[in-house]
Each structure stands twice: as C-alpha cells, then as structure tokens.
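Chemist: Sharing a structure below in structure tokens format, with a few things to ask.
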Amino acid sequence: GELSKGSGEGRHTTVNSVMLEFAGGGAVIDSPGVRDYAPSIENIQDISQGFREIQEHDQNCRFANCIHLREPNCAVKNAVDEGTISTRRYESYRRLRNTTQKLADKFD
Numbered sequence: 013g014e015l016s017k018g019s020g021e022g023r024h025t026t027v028n029s030v031m032l033e034f035a036g037g038g039a040v041i042d043s044p045g046v047r048d049y050a051p052s053i054e055n056i057q058d059i060s061q062g063f064r065e066i067q068e069h070d071q072n073c074r075f076a077n078c079i080h081l082r083e084p085n086c087a088v089k090n091a092v093d094e095g096t097i098s099t100r101r102y103e104s105y106r107r108l109r110n111t112t113q114k115l116a117d118k119f120d
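Quick note on the working numbering: the sequence shown kicks off at 13 and runs consecutively.
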C-alpha cells in the first residue's frame, strides 16, 4: 500500500485482528492501528532478562548497575563490538530500554 506523506509510514488497511501461533511456542498479533508494543515492565533493570546473551555478559561490566548504553568498560557493548552479541539484538535491547524509560518518565 501507499505510505503516508506526513509520517512516511504505512497506512492502516487492516480491519480485523489476526493471531498467528508458532509451532515452537509464541505468537504474533496483527491488530489494526497498533504500530508499537511495549511489554509491562515494573523494574527497568529487568529488561536484560529478555535477552539471554546480554545477561550472560552483564556480570562482567565495570559497574554493577550498568545499563549497557553509555557506561565505560561495559562487557555487553564490548561483546557487541567483538561480534559475540549481534548488533541487531543489542539494538532491540537498546530500543526497548529507551522506550520503557520514556514511558516511566512520562508517568512519574
């Protein structure tokens, strides 16, 4: 379909919600009007629990409260630079962390 001239994003043409279940577990829901999704996370520090490869490296960070974004000697960022953690997965973590922080700031 066409892209919106204002936002550059696709236009909503879906009128029904559809849930696709995966044989190995999990599902994806296509729902009209929903562009983004952020899970309910009570403690922003818990985000890394959804990223096994980040959890495997975060104990080696210089700071115990490292959030793996701008801190020096971050083992997670080093693993990304070395190719041990994929850039794509790290960017997913970073986006989720930033989105969650913005939502937390908005409601504080």
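Glycine included, C-beta positions come from ideal geometry on N, C-alpha and C.
Are the Cβ atoms of Ala91 and Cys73 separated by less than 8 Å?
Modeler: Not in contact: Ala91 and Cys73 (Cβ atoms no closer than 8 Å).
Chemist: Whose C-beta lies closer than 8 Å to the C-beta of Asp70 among residues of the same chain, with five residues either side of it excluded?
Modeler: So the list reads Ser60, Cys78, His80, Ala87 and Val88, once near-sequence residues are dropped.
Chemist: Sort Ser43, Gly37 and Glu33 by Cα distance to Val27 and report the nearest one.
Modeler: Ranking Ser43, Gly37 and Glu33 by Cα distance to Val27 puts Ser43 first.
Chemist: With a CB to CB cut of under 7 Å and the five nearest residues on each side skipped, what residues in its chain are close to Asp95?
Modeler: Inspection of the sequence shows that residue 95 is occupied by Gly rather than by Asp. Around Gly95: no qualifying Cβ.
Chemist: Could you give the residue range of the alpha helix (DSSP H) that holds Asp42?
Modeler: Per DSSP, Asp42 belongs to no alpha helix (DSSP H); it is in the beta strand (DSSP E), Ala39 to Asp42.
Chemist: Count the other CB atoms, across all protein chains shown, that sit within 10 Å of the CB of Ile41; report buried if there are 16 or more and exposed otherwise.
Modeler: Exposed is the call here.
Chemist: Keeping to the same chain, check which residues put their C-beta closer than 6 Å to that of Asn85; ignore five residues upstream and five downstream.
Modeler: Excluding residues within five positions, the ones whose Cβ falls inside 6 Å are Arg74.
Chemist: Between the Cα of Arg106 and the Cα atoms of Ser29, Val30, Lys17 and Asp58, which residue gives the shortest distance?
Modeler: Considering only alpha carbons, the answer is Asp58.
Chemist: What residue does the beta strand (DSSP E) around Glu33 start on, and which one ends it?
Modeler: Val30 to Glu33 is the extent of the beta strand (DSSP E) around Glu33.
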